[in-house]
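Novice: Supplied in structure tokens, the structure appears directly below.
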Amino acid sequence: MVTLVWVVGAVLVLQVPPPNSGASPATELRREARALREQETGQLKALAERLRARGDSAAVAEVLARVEPARPAGGATRFVPLPEVVPAPAKGLANVPARGPIDAAWRTELQATRSATARGLFALAERAATTTPKHYALADECLRAVLDREPDHPEARRLLGHVPLDGGWATPFAARNLRRKMVNHPTFGWVDPTWLPHLERGELPAPPVPGQRQVRWLSAAQADALHRPWESAWRIETEHFLIRANVPFSEAIAFGRQLETFHELFTALLADVIAPGNRLPLAHRIQDKAMVGERPIDPHLISYFATKQEYVNFLEPTEGPGIDQSLGIYIPPKPGQGKRVPAYFFRDPDGAIAATATLFHEVSHQLLFELAGPNAFDRNVGNYWVFEGLGTYFETVVTVPDGTLRVGGLVGPRIDVAKLRLIKQREFVPTERLVRHGRNEFNRDDLVHLHYAEAMALTIFLMQAEDESYREPFLDYVKDAYRGRLRRDTGRSLAERLDIPYKTLDAQLLEFLRGG
Numbered sequence: 245m246v247t248l249v250w251v252v253g254a255v256l257v258l259q260v261p262p263p264n265s266g267a268s269p270a271t272e273l274r275r276e277a278r279a280l281r282e283q284e285t286g287q288l289k290a291l292a293e294r295l296r297a298r299g300d301s302a303a304v305a306e307v308l309a310r311v312e313p314a315r316p317a318g319g320a321t322r323f324v325p326l327p328e329v330v331p332a333p334a335k336g337l338a339n340v341p342a343r344g345p346i347d348a349a350w351r352t353e354l355q356a357t358r359s360a361t362a363r364g365l366f367a368l369a370e371r372a373a374t375t376t377p378k379h380y381a382l383a384d385e386c387l388r389a390v391l392d393r394e395p396d397h398p399e400a401r402r403l404l405g406h407v408p409l410d411g412g413w414a415t416p417f418a419a420r421n422l423r424r425k426m427v428n429h430p431t432f433g434w435v436d437p438t439w440l441p442h443l444e445r446g447e448l449p450a451p452p453v454p455g456q457r458q459v460r461w462l463s464a465a466q467a468d469a470l471h472r473p474w475e476s477a478w479r480i481e482t483e484h485f486l487i488r489a490n491v492p493f494s495e496a497i498a499f500g501r502q503l504e505t506f507h508e509l510f511t512a513l514l515a516d517v518i519a520p521g522n523r524l525p526l527a528h529r530i531q532d533k534a535m536v537g538e539r540p541i542d543p544h545l546i547s548y549f550a551t552k553q554e555y556v557n558f559l560e561p562t563e564g565p566g567i568d569q570s571l572g573i574y575i576p577p578k579p580g581q582g583k584r585v586p587a588y589f590f591r592d593p594d595g596a597i598a599a600t601a602t603l604f605h606e607v608s609h610q611l612l613f614e615l616a617g618p619n620a621f622d623r624n625v626g627n628y629w630v631f632e633g634l635g636t637y638f639e640t641v642v643t644v645p646d647g648t649l650r651v652g653g654l655v656g657p658r659i660d661v662a663k664l665r666l667i668k669q670r671e672f673v674p675t676e677r678l679v680r681h682g683r684n685e686f687n688r689d690d691l692v693h694l695h696y697a698e699a700m701a702l703t704i705f706l707m708q709a710e711d712e713s714y715r716e717p718f719l720d721y722v723k724d725a726y727r728g729r730l731r732r733d734t735g736r737s738l739a740e741r742l743d744i745p746y747k748t749l750d751a752q753l754l755e756f757l758r759g760g
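Plus 244 on top of the position in the sequence shown (first one is 1) and you've got our numbering.
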């Protein structure tokens, strides 16, 4: 994924009603998708029971391994990143023992059940992406579920951005590198094959000097030390980022891989926020059935410092002495600055908030402001909370050992603060008041930590709770907040979009927080 290119109130005790029964088209589509998956789960469990009665424990295990994991009510969303490269299916006949027609029958039933679900989910993806309004995030979710069941589904692969390669599939970036005969090293990313002997000997390239034609190889420790001064920092190119970092090279590569995985998650979840103005690659591919890959765009810029002091020293001249209180920073570009400005981070292994949480928080701001087109958020009256709510929502991203991600769980130190202050200490700020706060009121010194904690809890609730039925109307609100459409007498309020009163929303939020 990475290539070297030289060079982050009162507790309300009320009976909480369910969402309004007049379900939106997005809610109905989600219900259909859930029904398809639940039907498949029931069929696979029934097949497993028949196999168990036959005493075939190996077959039972194989069938149950195909049952989609259930998500707890209001719990985190499971996200499965797509691989960079999907090899061509194996050719020829496998040398496996023949177990007779009974074995063939259950395998045929297993595949038929999953294929039927894949067909239903693909049809749902097409409907989600072509109805008015369009629901690209749901389409993305359904297409990923199709590939889980049929990994070689050509149209799902194309729509999700993979390109054909030697009978298999790859991301456009991986395909370009493979055509250049590059190798994806497990530690050092995409490299020229001539690098491999040096890497195996523990060597890395020194910074280039004027007139140098050949790479100068040194021990990893020596090379990392020479790349330590910021002017000689490593420069790493990934599919969507250009990273400057003076940490050890292997750490910079791992950092780049985290960024790419997060980019995939962010653009999937917030597809409907990015899509207006024809900016979403998935939308381009849906509109143009001959299109493969995606249009070239400028990379997002990242600066990653080895220490906090280097971060402060670099930014203090432009951002002032308060920069030492930050964990990372992204400041959207001003008119005339172009479409890309760096996000800044520092290595912080012992921080109170996990380094990845800060990374994903700030990069979520960067991706929103650099992918969703021109912003006018400063024209809103109030409604500032939503931007930090989204940033803190993405602090919940966790990578689990199987390589999948979890997002939207009630996790992290800010949620601990929310439970303490909103519930135990009864400092809850009614949502109707919170949404009226502009930037200055939200960031008041005496209230900023409370506001951040509550904004995080509210965003998690709106993205995850009630079977995600609030997600689409909430993201519609985000879309208008980004474009500055939430003014005193214009723009529907958050409560109007959710179709519930603010007091009901408050009660549901606190119940959700108590149960998490």
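Where a beta carbon is used, it is the ideal one built from N, C-alpha and C, also for glycine.
Look at the alpha carbon of residue 705 and the alpha carbon of residue 727, and state the distance between them as a whole number of angstroms.
Specialist: 23 Å
Novice: When you compare only the Cα positions, how much space is there between residue 683 and residue 708?
Specialist: Rounded to the nearest angstrom, the two C-alpha atoms are 26 Å apart.
Novice: What do you get for residue 775, buried or exposed, if any count of 16 or more other CB atoms within 10 angstroms of its CB means buried?
Specialist: Residue 775 falls outside the range modelled here, since the chain spans only 245 to 760, and no answer is possible.
Novice: Would residue 555 and residue 491 qualify as a contact pair, given that the criterion is a beta-carbon distance under 8 Å?
Specialist: no
Novice: Rounded to whole angstroms, what is the Cα-Cα separation between residue 396 and residue 471?
Specialist: Residue 396 and residue 471 have their C-alpha atoms spaced approximately 43 Å apart.
Novice: Expressed to the nearest angstrom, what Euclidean distance is found between the alpha-carbon atoms of residue 362 and residue 371?
Specialist: Cα atoms of residue 362 and residue 371: separation of roughly 14 Å, rounded to the nearest angstrom.
Novice: Would you report the Cα separation of residue 598 and residue 642, rounded to the nearest angstrom?
Specialist: 10 Å
Novice: Are the beta-carbon atoms of residue 545 and residue 486 separated by less than 8 Å?
Specialist: yes
Novice: Buried or exposed for residue 379, going by 16 or more other Cβ atoms inside 10 Å?
Specialist: That one is buried.
Novice: If you drop the 5 nearest sequence neighbours on each side, which residues of the same chain put their C-beta closer than 6 Å to that of residue 723?
Specialist: 517
Novice: My understanding is that residue 285 touches residue 311, with C-beta atoms under 8 Å, so please give their C-beta distance in whole angstroms.
Specialist: So it is a contact: roughly 5 Å between Cβ atoms.
Novice: In or out: residue 541 buried (at least 16 other Cβ within 10 Å) or exposed?
Specialist: exposed
Novice: In terms of residues, what are the limits of the beta strand (DSSP E) holding residue 485?
Specialist: Note, residue 485: beta strand (DSSP E), 485 to 489.
Novice: Mind reading off the beta-carbon distance from residue 725 to residue 630? Whole number of angstroms is fine, and I expect it under 8 Å.
Specialist: Cβ-Cβ separation between residue 725 and residue 630: approximately 5 Å, consistent with a contact (criterion under 8 Å).
Novice: Taking DSSP's pairing of strands, which residues face residue 548 in a bridge?
Specialist: 489, 589
Novice: Since residue 659 sits in a beta bridge, which residues does DSSP pair it with?
Specialist: In the DSSP output, where bridge partners are listed per residue, residue 659 has none listed.
Novice: Mind checking residue 522: buried by the 16 CB within 10 Å criterion, or exposed?
Specialist: exposed
Novice: Within the region 704 to 729, note down every full alpha helix (DSSP H) run reaching 4 residues or more, in order along the chain.
Specialist: 715 to 726
Novice: DSSP has residue 462 in a bridge; who is on the other side?
Specialist: 448.
Novice: Report the rounded CA-to-CA distance for residue 765 versus residue 529, giving the unit in angstroms.
Specialist: Since the first residue of the chain shown is 245 and the last is 760, residue 765 is not available in this structure.
Novice: Apart from the five residues just before and just after residue 475, which ones in its own chain have a Cβ nearer than 7 Å to its Cβ?
Specialist: none
Novice: Find the nearest neighbour of residue 625 within the set 571, 410, 355, 680, judged by alpha-carbon distance.
Specialist: 680
Novice: Please state if the CB of residue 357 and the CB of residue 308 are separated by a distance shorter than 8 Å.
Specialist: no
Novice: Out of 354, 565, 373, 411, state which residue places its alpha-carbon closest to the alpha-carbon of residue 295.
Specialist: 354
Novice: What does the Cβ neighbour count give for residue 275, buried or exposed, with the cut at 16 atoms within 10 Å?
Specialist: Residue 275 counts as exposed, since fewer than 16 other beta carbons sit within 10 angstroms of its beta carbon.
Novice: Where residue 606 and residue 639 are concerned, what is the direct C-alpha to C-alpha distance, given to the nearest angstrom?
Specialist: Taken atom to atom, the span from the alpha-carbon of residue 606 to that of residue 639 is near 9 Å.
Novice: Taking only the alpha-carbon atoms, compute the straight-line gap between residue 282 and residue 393 and give it to the nearest angstrom.
Specialist: 14 Å
Novice: Going by beta-carbon coordinates alone, are residue 742 and residue 717 separated by less than 8 Å?
Specialist: yes
Novice: For residue 449, does the count of other Cβ atoms within 10 angstroms reach 16, so buried, or fall short, so exposed?
Specialist: buried
Novice: According to the neighbour-count rule (16 or more other Cβ atoms, all chains shown, within 10 Å of its Cβ), is residue 610 buried or exposed?
Specialist: buried
Novice: From residue 262 to residue 387, what distance separates their C-alpha atoms?
Specialist: Unreliable placement is indicated for residue 262, whose pLDDT of 38 sits below 50; no coordinate value is reported for it.
Novice: Report buried or exposed for residue 750, applying the criterion of at least 16 other Cβ atoms within 10 angstroms of its Cβ.
Specialist: buried
Novice: Report all residues from its chain with a CB closer than 7 Å to the CB of residue 806; omit the five preceding and five following residues, and keep chain order.
Specialist: Here the chain has residues from 245 to 760 only, and residue 806 is not among them.
Novice: Taking C-alpha atoms, which residue in 572, 719, 398, 329 lies nearest to residue 519?
Specialist: Taking only the C-alpha atoms, the option nearest residue 519 is 719.
Novice: What is the C-beta distance between residue 647 and residue 320, in whole angstroms, given that I count them as a contact (C-beta under 8 Å)?
Specialist: Rounded, the Cβ-Cβ distance is 16 Å, inconsistent with contact.
Novice: According to the neighbour-count rule (16 or more other Cβ atoms, all chains shown, within 10 Å of its Cβ), is residue 623 buried or exposed?
Specialist: exposed
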